[in-house]
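One structure is given here, and the rest of the page talks about it.
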Amino acid sequence: MKRISINYTIIISAVVLFALIVFFYAEDNGSGSSVPVYSAGQTINIGDFIILISKPEEGYRKENTLVKITVRNLTDNPIAVTSYLTGNTAEDIYNHYYLFLEQNGKIYEIEGEFIKVNPTDGTTKYDAFGNLYFDIPVSEINQYTYLLITSDKKAEDVICKIKLN
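Be aware that the sequence shown starts at 1, since it is given in the UniProt record's numbering, and climbs by one per residue.
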């Protein structure tokens, strides 16, 4: 009888150990971790920023503008271009986060560009209210399900998804 109880103890211990290894391996590889999904008009918190994804007002920007990203600091005040020294600017979002498109689980680089709001300046990527505008051809908008915001150029660390359609 003692031999049987020892065998059961070993088997149960092995199963528990195997389950723990599988659990921690899945956690380390990001399996099971879900990326938050937002729709246009929802507020998104990223680090020190609060951003709002929305479609631009008609006629305000080019007709093929895919998305407007409004960047605000944690006090929810509009970010002015003149406040770039605070580190809480649309330029910081532009420099530290990347945008991709997703369709059926496949991720694509965006073939478009951030609108230069002041064409004479050539460097301004945002307006006086902290809004970023991203252009993409209209023909491509309906092909994709999500706009991804990532913290890396390979789209491996997806912070959130914004549902486009």
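The beta-carbon is built from N, C-alpha and C at its ideal position, and this holds for glycine as well.
* To do: Can you have a look at V15 and say buried or exposed, based on whether 16 or more other CB atoms are within 10 angstroms of its CB?
  => One-based indexing of the sequence shown puts residue 15 at position 15. Label assigned to V15: exposed.
* Cα-Cα separation between F100 and L147, rounded to whole angstroms -> Counted from its first residue, the sequence shown places residue 100 at position 100. Counted from its first residue, the sequence shown places residue 147 at position 147. Approximately 6 Å, taken between the alpha carbons.
* Below 8 Å between beta carbons: does that hold for E102 and K161? -> Along the sequence shown, read from residue 1 onward, the residue named residue 102 stands at position 102. Along the sequence shown, read from residue 1 onward, the residue named residue 161 stands at position 161. Going by C-beta atoms, E102 is nearer than 8 Å to K161.
* How big is the Cα-Cα spacing for T145 and V35? -> On the sequence shown, residue 145 is found 145 positions in, with the first residue counted as 1. On the sequence shown, residue 35 is found 35 positions in, with the first residue counted as 1. Taking the straight line from one Cα to the other gives about 14 Å.
* Asked: For G105, which of V158, D152 and Y8 has the nearest alpha-carbon?
  -> Along the sequence shown, one-based indexing puts residue 105 at 105. Of the listed residues, the one whose Cα sits closest to G105 is V158.
* So, is Y8 buried or exposed, given that buried needs 16 or more other C-beta atoms within 10 angstroms? -> As a first step, residue 8 is located in the sequence shown; it is residue number 8 there, counting from the start. Y8 comes out exposed.
* Simplified DSSP state of A90, which is helix, strand or coil -> Taking the first residue of the sequence shown as position 1, residue 90 is located at position 90. Per-residue confidence for A90 stands at a pLDDT of 48, beneath the threshold of 50, marking its modelled position as unreliable; no derived number is given.
* Excluding sequence positions up to five away, which residues of its chain have a Cβ less than 7 Å from the Cβ of K143? -> On the sequence shown, position 143 is the one that residue 143 refers to. In the sequence under discussion, the amino acid at residue 143 is Gln, which differs from the Lys named in the question. Correct list, in chain order: Q103.
* To do: Classify I21 as buried or exposed, calling it buried when 16 or more other Cβ atoms lie within 10 Å of its own Cβ.
  => Walking along the sequence shown from the start, residue 21 turns up at place 21. So I21 ends up on the exposed side.
* **Distance CB(V97)-CB(S151) smaller than 8 Å** => Here residue 97 refers to the residue found at position 97 of the sequence shown. Here residue 151 refers to the residue found at position 151 of the sequence shown. Position check: residue 97 holds Tyr in this sequence, whereas Val was assumed. Cβ atoms of Y97 and S151: closer than 8 Å.
* Asked: Can you name the residues that DSSP bridges to I162?
  -> Taking the sequence shown and counting its residues from 1, one reaches residue 162 at position 162. Looking at the DSSP assignment, I162 forms a beta bridge with Y38 and L147.
* Asked: What number of angstroms, rounded off, separates the C-alpha of A19 from the C-alpha of I10?
  -> If you number the sequence shown from 1, residue 19 lands on position 19. If you number the sequence shown from 1, residue 10 lands on position 10. Cα to Cα, A19 sits roughly 14 Å from I10.
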